[in-house]
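J.: Sequence order for the protein chains is E and C.
Under numbering that gives the first Met the number 0, the first residue of the first sequence is numbered 0, with each subsequent residue one higher.
Under numbering that gives the first Met the number 0, the first residue of the second sequence is numbered 0, with each subsequent residue one higher.
Questions regarding the structure given below will be posed in turn.
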Amino acid sequence: MKENLFHSVRMDWDKCVGCMNCIKHCPTEAIRVRNGKANIIKEKCIDCGKCIAVCPHKAKYAQRESLENVKNFKYKIALPAPSLYGQFNNLDDVNYVLSGLKQLGFDEVFEVSRAAEVVSHATRKKLKENKTGKPLISSACPAVVRLITVSYPTLIPQLLDINAPMEIAAIMARKEAMEKTGFKNEEIGVFFITPCPAKITAIRNPLTLDEPVIDGAVAIKDIYPALVHEMGKLSKNESLLEDLQQSGRIGVSWSTSGGESAALLCDNYLAADGIENVKTILDEVEDGKLDSMEFIELNSCTCGCVGGSLTAENPFIAKRRLQMLRKYLPVSCIKYTDEEPESDKLDWEKAPQANNIMRLADNIFDAMRIMGEINDLEAKLPKLDCGTCGAPSCKALAEDIVRGFAGIHDCMFLTRNEYAKSNDPEAEMFREILPAPFRKHEEE
Amino acid sequence: MENIKLHYDVDSNDFSCAGEASGKIKKALKDLGFDASLIRNVAIAVYEGEINMVIHAEGGVIDAEISPEKVTVVLKDKGPGIPDIEQAMTEGFSTAPENVRALGFGAGMGLPNIKKYSDTMHIDTEIGVGTTITLTFNF
Ligand SMILES: Nc1ncnc2c1ncn2[C@@H]1O[C@H](COP(=O)(O)OP(=O)(O)O)[C@@H](O)[C@H]1O
Ligand code: SF4
Ligand code: SF4
Ligand SMILES: [Mg+2]
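Written as structure tokens, this is what we have:
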């Protein structure tokens with residue numbers, strides 16, 4: 000597989016029953032049911048994890064590390080996403096979570112929220128320097144960045160050109176560990192405790208870095224049961240509880256929608272969450288309707304990262320818990336000054352690449368011909384968008400047919416009507432009984 | 000090669016749907032791979048025309064024709080017509096009622112912006128009969 004086509008989100012061939020539940024939920028229309036299985040079109044998938052969340056058969060999953068793989072390194076560092084803190088009831092001290100991670104076998108814990116505070120600081124500076132007359136768009140959610148590369152490539156220049164907090168955390172943690180322990184780069188394993196598959200894909204295929212800086216990801220929901228167990232032991236034996244906390248409200252708030260913006264100390268922002276809302280806002284940005292804003296924060300998941308498909312808890316409950324936890328946190332723990340930055344690798348090494356997969360052809364003449372054929376075909380289809388052809392809409396089927404990936408007879412209704420008109424005596428029945436969507440009211 | 004023709008109905012007084020036609024035209028131009036700044040011009044101008052149909056003219060129809068050289072958009076309504084085009088084209092002039100202004104519309108910048116973002120703009124209007132605005136965008 001070409002590395003840039005690596006995707007964490009995959010289909011389990013054995014579990015998929017071809018029920019079509021997922022195809023309409025995919026924000027980039029990347030799923031087609033073919034031969035009874037819901038295949039993902041890799042070039043279109045942004046790893047948002049929506050299909051994982053909606054599949055009733057658990058047939059969509061995120062490829063990820065098990066805790067076992069972590070053991071291959073001499074020195075193991077955990078990078079907990081702040082959304083992890085929202086998974087526990089009545090948490091008043093994040094040191095239980097952080098010490099718990101060490102009990103699970105990590106030698107070091109470096110909070111991603113600490114790096115988030117560094118990013119917040121750097122973003123404030125970028126906002127002051129931004130003279131483009133257009134808002135900066137957050138680049139922290141990799142699913143959003145991927146969506147922009149696929150569907151809104153003209154907005155790439157508006158993305159905040161700072162690496163994501165998890166990447167900066169990895170760079171800072173590795174550097175500190177090398178200085179402290181003397182271990183070599185390759186002896187140190189840095190693992191992100193992730194709320195979502197988009198981050199797993201971004202780890203393997205960094206969008207803005209030349210090389211990966213993180214060695215793997217462990218899902219919050221995988222580590223959760225063992226972590227709860229360790230935290231329970233810690234509350235009985237506090238001698239093992241270490242003071243590892245290095246971030247405050249500013250960093251931890253990044254876990255929920257609006258948190259990144261709140262840290263900017265500027266009121267002129269907009270924060271939207273949920274991938275469909277994100278698309279609506281990006282359309283408005285593209286039309287210049289939000290040019291009066293300074294900053295636009297977008298999260299693919301409901302409520303932000305706490306809504307990721309690899310978390311253990313409902314996003315609204317996690318959000319509420321983080322709200323309670325905030326009371327026990329300092330505002331910020333940042334040691335960063337402009338003269339002495341905590342990390343020297345804040346800025347992008349490269350811009351995310353535009354992906355023209357949504358275009359019909361690479362020149363307008365071919366594209367127009369194809370669109371003409373699609374529109375003609377679409378006019379013949381029943382406009383039910385029923386999904387039984389395996390495509391998310393009649394229009395999508397029309398496009399698949401023109402591109403040679405499907406046939407007109409994949410439409411059950413068209414095929415049925417054609418058969419009804421045939422001379423086959425058996426077709427009689429089909430002439431008399433119309434399928435429900437075509438029956439008139441009186442016939443009900 | 001045949002031009003691409005798109006047709007949309009615009010419902011009256013339905014602000015939640017306003018922007019649907021301009022959004023779909025924009026999507027088609029994006030799929031075709033037209034230049035981003037052209038797409039933006041079309042999107043903004045057609046959106047303003049669409050909103051005007053909803054606010055001032057009880058809806059109407061929008062027809063777009065896309066050729067490799069230009070996009071032509073015709074916005075046609077059976078509304079009250081525009082009594083004084085020059086006045087209507089003035090920045091800030093608006094007859095939008097108070098309840099519409101409360102929704103954030105009626106700044107009187109719609110027609111001036113349509114002019115600004117299109118290459119040609121022609122208004123055909125008759126009191127009590129309706130208004131047809133024809134726009135072209137050249138590449
Ligand atoms: N389709 C239309 N039918 C009738 N009157 C219109 C139409 N479009 C615009 N007008 C008139 O022109 C005025 C100016 O339009 P515009 O510049 O879009 O400002 P606004 O919509 O904010 O009032 C409107 O207030 C209205 O009186
Ligand atoms: S992860 Fe998201 S983009 Fe990818 S196939 Fe699933 S729903 Fe579609
Ligand atoms: S929802 Fe999608 S992935 Fe899940 S079983 Fe149905 S078709 Fe397969
Ligand atoms: Mg107007």
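No residue lacks a Cβ here, since even glycine has one placed at the ideal position from N, Cα and C.
Alpha carbons only, please: which of E/Asp160, E/Ile192, E/Lys125, E/Leu206 is nearest the one belonging to E/Thr148?
T.: Out of E/Asp160, E/Ile192, E/Lys125, E/Leu206, E/Leu206 has the C-alpha closest to the C-alpha of E/Thr148.
J.: Between the region 41 to 65 of chain C and chain E, which residues of the former have CB atoms less than 8 Å from a CB of the latter, in chain order?
T.: Residues passing the 8 Å Cβ filter: Ala42, Ile43, Tyr46, Ile65.
J.: Is it true that the CB of E/Glu285 sits closer than 8 Å to the CB of C/Arg100?
T.: Result no, Cβ atoms of C/Arg100 and E/Glu285 do not sit closer than 8 Å.
J.: Hey, E/Asn162 and E/Trp347: beta-carbon distance below 8 Å or not?
T.: Closer than 8 Å, so yes.
J.: Based on the DSSP output, what are the partners of E/Gly231 in its beta bridges?
T.: Looking at the DSSP assignment, E/Gly231 forms no beta bridge with any residue, so it has no partner.
J.: Among C/Pro96, C/Pro111, C/Gly103, which residue has its Cα nearest to the Cα of C/Gln86?
T.: Taking only the C-alpha atoms, the option nearest C/Gln86 is C/Pro111.
J.: Does DSSP put C/His6 in a helix, in a strand, or in coil?
T.: Strand, per DSSP.
J.: Please determine whether the Cβ atom of E/Thr27 lies at a distance below 7 Å from any heavy atom of ligand 2.
T.: Yes - ligand 2 has a heavy atom lying nearer than 7 Å to the Cβ of E/Thr27.
J.: Are the region 233 to 247 of chain E and the region 91 to 98 of chain E touching by the rule of at least three beta carbon pairs closer than 8 Å?
T.: Segments in contact, yes.
J.: Whether or not the region 46 to 60 of chain E and the region 3 to 22 of chain E are in contact is what I'm after, with contact meaning three or more pairs of Cβ atoms, one per stretch, closer than 8 Å; do they touch?
T.: Output reads yes: the region 46 to 60 of chain E touches the region 3 to 22 of chain E.
J.: Could you give the C-beta distance for E/Ala225 and E/Phe191, rounded to a whole number, given that I count them as a contact under 8 Å?
T.: Contact flag wrong, Cβ pair sits at about 17 Å.
J.: Determine the chain E residues that contact C/Ile3 at a beta-carbon separation under 9 Å, and present them in chain order.
T.: Per Cβ cutoff of 9 Å: Met367, Met370, Gly371, Asn374.
J.: Below 8 Å on the Cβ atoms is my guess for E/Ser308 versus E/Pro196; work out the distance and round it to an integer in Å.
T.: Contact flag correct, Cβ pair sits at about 7 Å.
J.: Kindly say whether C/Ile126, judged by its beta-carbon, lies nearer than 8 Å to any beta-carbon of chain E.
T.: C/Ile126 does not count as touching chain E.
J.: Under 8 Å, Cβ to Cβ, is there at least one residue of chain C near E/Val363?
T.: One point to set straight first is that residue 363 of chain E is Ile, not Val, in the sequence displayed. Closer than 8 Å: yes.
J.: Given a limit of 7 Å on CB to CB distance, which residues of the region 104 to 117 of chain C reach chain E?
T.: Under the 7 Å Cβ criterion, the region 104 to 117 of chain C contributes no residue.
J.: Can you list, in chain order, the residues of its chain with a C-beta nearer than 6 Å to that of E/Met0? Leave out the 5 residues immediately preceding and following it.
T.: Because the pLDDT of E/Met0 is 43, which lies under 50, any placement of that residue in the model is unreliable, and the number read from its coordinates should be weighed accordingly. Nothing listed; no residue qualifies.
J.: Please report whether the beta-carbon of E/Glu442 lies at a distance below 8 Å from any beta-carbon of chain C.
T.: With a pLDDT of 49 at E/Glu442, under the threshold of 50, the modelled position of this residue cannot be trusted; read the value that follows with caution. No, no contact with chain C.
J.: Could you spell out where the alpha helix (DSSP H) holding E/Gly371 opens and where it closes?
T.: Per DSSP, E/Gly371 belongs to the alpha helix (DSSP H) from 363 to 379.
J.: In chain order, what residues of the same chain lie with their CB nearer than 7 Å to the CB of E/Gly386, ignoring the 5 residues before and after it?
T.: Result list for E/Gly386: Met19, Ile22, Lys23, in chain order.
J.: Using the DSSP secondary-structure output, state which residues sit across from C/Asp123 in a beta bridge.
T.: BP columns for C/Asp123 point to C/Thr131.
J.: I need the DSSP call for E/Glu481, collapsed to helix, strand or coil.
T.: Here chain E comprises residues numbered 0 to 443, so residue 481 of chain E is not present and cannot be evaluated.
J.: Could you name the residues of the same chain whose beta carbon sits closer than 6 Å to that of C/Thr135, not counting the 5 residues immediately before and after it, in chain order?
T.: The answer, listed in chain order, is Lys69, Thr71, Asp118, Thr119.
J.: To the nearest whole angstrom, what separates the beta carbons of E/Ile452 and E/His6, a pair I think is in contact under 8 Å?
T.: Residue 452 of chain E lies beyond the range of chain E shown here (0 to 443); nothing can be said about it.
J.: Per DSSP, E/Phe315 is paired with what?
T.: Beta-bridge pairing links E/Phe315 to no other residue.
J.: Where DSSP assigns a beta bridge to E/Lys334, which residues make up the other side?
T.: In DSSP, E/Lys334 forms no bridge with anything.
J.: Taking 8 Å as the CB-CB limit, is E/Gly287 close to chain C?
T.: Answer yes: the Cβ-Cβ gap between E/Gly287 and chain C drops below 8 Å somewhere.
J.: Quick check: is the beta carbon of C/Pro67 nearer than 8 Å to any beta carbon in chain E?
T.: By this cut-off, C/Pro67 is an interface position.
J.: So with CB distances below 8 Å, who are the chain E contacts of C/Asp30?
T.: Met357, Arg358, Leu359, Ala366, Met370, listed in chain order.
J.: Work out the CA separation of E/Asp92 and E/Asn236 for me, nearest whole Å.
T.: Their Cα atoms are separated by approximately 15 Å.
J.: Considering only heavy atoms of ligand 5 and the C-beta of each residue, which residues fall inside 6 Å, strictly closer?
T.: This structure simply doesn't include ligand 5; it includes ligand 1, ligand 2, ligand 3 and ligand 4 instead.
J.: Pull up the distance between the alpha-carbon of C/Val60 and that of E/Ala350, whole angstroms please.
T.: Between C/Val60 and E/Ala350, the C-alpha separation is close to 41 Å.
J.: Which same chain residues, not among the five before or five after E/Lys344, have their C-beta less than 6 Å away from its C-beta?
T.: The residues are Ile170.
J.: Helix, strand or coil, according to DSSP, for C/Glu64 in the structure here?
T.: Three-state DSSP puts C/Glu64 in a strand.
J.: Where do the N-terminal and C-terminal ends of the alpha helix (DSSP H) with E/Lys125 fall, by residue?
T.: Unbroken alpha helix (DSSP H) run through E/Lys125: 111 to 128.
J.: What does E/Glu384 reach in chain C if we use C-beta pairs closer than 8 Å?
T.: First, the amino acid is wrong: residue 384 of chain E is Asp here, not Glu. Ordered by position in chain C, no residue passes the 8 Å Cβ test against E/Asp384, which lies about 15 Å from the chain.
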